[in-house]
Structures are given as C-alpha cells and as structure tokens.
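See below for the structure under consideration.
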Amino acid sequence: MSEHKVTVEHMDGMAFKTEVNGHKLIIDADDQFGGNDQGPRPKPLLLLSLIGCTGMDVVSLLKKMRVDYDDLKITAHGELAEEHPKYYTKIIVEYHIWGKNIDHSKMEKAVNLSVERYCGVNFMLAKSSEVTSEIFYNE
Numbered sequence: 010m011s012e013h014k015v016t017v018e019h020m021d022g023m024a025f026k027t028e029v030n031g032h033k034l035i036i037d038a039d040d041q042f043g044g045n046d047q048g049p050r051p052k053p054l055l056l057l058s059l060i061g062c063t064g065m066d067v068v069s070l071l072k073k074m075r076v077d078y079d080d081l082k083i084t085a086h087g088e089l090a091e092e093h094p095k096y097y098t099k100i101i102v103e104y105h106i107w108g109k110n111i112d113h114s115k116m117e118k119a120v121n122l123s124v125e126r127y128c129g130v131n132f133m134l135a136k137s138s139e140v141t142s143e144i145f146y147n148e
C-alpha cells in the first residue's frame, strides 16, 4: 500500500511552513483571520490539487489518443457553505483547450475518464461536494 506524508510547522500568527515531497510552501490566513497573507489558504489548495490531478490525467490521455492541441488551461470555482464547517458545496471544473480541429469526442472521453476513473482527488471531493465539468473549445 502506498501512502503520502506531508508536514506543517507553525511559524507565527496563522502561518505554517509545509513540506510535500521535498517541496516547501508557506500557507497562511489573511489579515482578518490573524494571518499575514504569506501564502495561499488551505481550501483553495484543494481546488489546485483537483485541477492538477485531472490535468495530468487529461494530458496523458490526449497524448495516448494522439490529440494535438496548442494549449490547455483548467480552472476550478468552488462555492463555500454559508455555515461552519465551510466546505465546498459545489465545484465547477472548466477545461479550456486551444487548437485547430480538436476532436471533441476524444477531449470529452479524456475528461470523462479522468473524472470517472482516474482522478483520486475528484473521487474524494465528490463524496462531499457536487463536482461538475465543462469543456470550452478555442479554435
């Protein structure tokens, strides 16, 4: 069985030094919550993990399907619950792909395979949030 280990170490205020696979990052809160805005907040990093995970899947699948494209950009929008715990109740993932003659069916297949089969982050977040996907073609 595989496992991941990450570490946080309190710095000051609401700031923490983090380490993930040897990479260091500071997370912090903004001023209104006692932080100094030295780094991103933890919840948006969940969204980043989601789109990073699905992005790697989609790129790998498009390569295997021999789909040529000029650029791919993925964004996520998360809507937070009004009451505590403030979790993402809804997440919309947008796939923006640029290129000439993109095979829409292959792009849709790559996204669906990522969402339904490969992306573990999507699987986990979908247990507590409504996660939807949209594809935008820019030719």
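Each residue of the sequence shown is one higher than the one before, starting from 10 at the first, in the working numbering. Backbone N, C-alpha and C fix where the C-beta goes; we use that ideal spot for every residue, glycine too. Note that the structure is predicted; figures quoted are calculated from it, not measured.
In whole angstroms, give me the CA-to-CA distance for residue i and residue j.
i           : j           : result
residue 85  : residue 74  : 25 Å
residue 38  : residue 52  : 11 Å
residue 109 : residue 69  : 19 Å
residue 41  : residue 111 : 46 Å
residue 36  : residue 30  : 16 Å
residue 93  : residue 17  : 23 Å
residue 79  : residue 72  : 13 Å
residue 117 : residue 105 : 12 Å
residue 90  : residue 54  : 17 Å
residue 34  : residue 15  : 11 Å
residue 62  : residue 136 : 16 Å
residue 128 : residue 32  : 22 Å
residue 132 : residue 13  : 17 Å
From this set, the options, which residue's C-alpha is nearest residue i's C-alpha?
i           : options             : result
residue 130 : 64, 24, 111 and 26  : 64
residue 21  : 32, 43 and 33       : 43
residue 45  : 25, 91 and 18       : 25
residue 145 : 107, 88, 17 and 124 : 107
residue 139 : 76, 88, 128 and 48  : 88
residue 67  : 13, 120 and 126     : 120
residue 147 : 113, 58, 33 and 134 : 113
residue 115 : 48, 77, 125 and 97  : 77
residue 47  : 27, 57 and 32       : 27
Looking only at its own chain, which residues have a Cβ that is under 6 Å from the Cβ of residue i, when we skip the five neighbours before and after it?
i           : result
residue 143 : 103
residue 10  : none
residue 83  : 60, 64 and 104
residue 101 : 86 and 141
residue 23  : 37, 38, 43 and 44
To which residues of the same chain is residue i closer than 7 Å at the C-beta, ignoring the five residues directly before and after it?
i          : result
residue 99 : 88, 138 and 139
residue 49 : 36
residue 19 : 25
Who are the Cβ neighbours of residue i in its own chain at under 8 Å, not counting the five residues just before and after it?
i           : result
residue 122 : 66 and 70
residue 134 : 55, 59, 97, 100 and 140
residue 95  : 52 and 89
Original post:
Could you give the uninterrupted runs of the alpha helix (DSSP H) lying entirely in the segment 37-95, keeping only those of 4 residues or more?
Top reply: With a minimum length of 4 residues, the continuous alpha helix (DSSP H) runs that stay inside the segment 37-95 are 51-73.
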